[in-house]
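Residue numbers (our numbering): 236 to 517. For each residue, glycine too, the CB sits at the ideal point set by N, CA and C. Every value quoted in this text rests on a predicted model; they were computed, and no experiment measured them. To start, the structure under review is shown below, and the notes come after it.
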């Protein structure tokens, strides 16, 4: 596919291979980082058996510690955002049951903040009730990983995390050390799911029974539906740098995004219909 080929041509752009830096950092150079390109390639249909997918997986797993955290590069300091982001991408390629990921799931299950989400220890904006809260964007990334394991969608830790995100729909204020808020940028549909955004928020929460029954989820879904054009998802904003690639263009219906929206809607089906759907080959 042209889109896949265009990204693969850039695999050494940051000095290492598979979009990593020469020192193995996988989050630098966005949108042409290991993380971002891995997410894009997954959406574009790159096979998990492809050597490039295997290289992305190996790059991330080299940064996994014995206690399950995943550093942003070998020997670098690590925050929950790094572990959550890496784990959700690894689940795209390996599935949630891969034994190599078990220790990372266990780490995240053991380390939520007191309000139910996850937060980093940085203090970019000082201290206070809002900055002491968990990071909504990090919490969403962790839940994006948890959804790959059916035994976790009703887990008490996941339920607590879901509750914090549903509450954020109501309060909307910038929360957490990195101040994730719900404003005009959040409400402008973005795809792929790079950062805290309406589409990613509704998509991930649709996997959780706790969320599907909540009025805040219904309200967020209604806003997302109002953004559709003839039933298709139209991307309203993209990361700088992507425009030159012609991928995930702003202002036009996007097939990959619409496929994710259809999956979201399938998640809202009655439990018996949902079970039948999940038995079908992907």
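Residue 405 counts as exposed, since fewer than 16 other beta carbons sit within 10 angstroms of its beta carbon. Residue 388 and residue 382 have their C-alpha atoms some 6 Å from each other. Apart from sequence neighbours up to five positions away, the residues of its chain that approach residue 339 with a beta-carbon distance below 7 Å are 299, 303, 305, 318 and 322, ordered along the chain. Relative to residue 467, the option among 333, 449 and 486 whose CA is nearest is 486. Put simply, of 369, 268 and 478 the residue whose alpha carbon is nearest the alpha carbon of residue 411 is 369. Judged by DSSP in its simplified three-state form, residue 431 adopts coil rather than helix or strand.
With fewer than 16 other beta carbons inside 10 angstroms of its own, residue 335 counts as exposed. Beyond the five residues adjoining it in sequence on each side, residue 417 comes within less than 6 Å, by CB distance, of 407 in the same chain, given in chain order. In the DSSP annotation of this structure, the continuous segment of the alpha helix (DSSP H) that includes residue 422 starts and ends at 419–422.
Residue 330 counts as exposed, since fewer than 16 other beta carbons sit within 10 angstroms of its beta carbon. Put simply, the stretch 286–294 does not touch the stretch 498–505. Fewer than three CB pairs are less than 8 Å apart. In this structure, the straight-line span from the alpha carbon of residue 479 to that of residue 353 is close to 35 Å.
Here residue 436 is not near residue 415, since their CB atoms are 8 Å or more apart. Positions of the alpha helix (DSSP H) runs, each at least 4 residues long and wholly inside the stretch 467–499, cannot be given because no such run exists. Contact between residue 474 and residue 429 is confirmed by a C-beta separation of about 6 Å, below the 8 Å threshold. Taking 8 Å as the cut-off, the Cβ atoms of residue 499 and residue 441 count as close.
As for any alpha helix (DSSP H) of minimum length 4 sitting wholly inside the stretch 252–318, the runs are 269–279 and 286–296, ordered along the chain.
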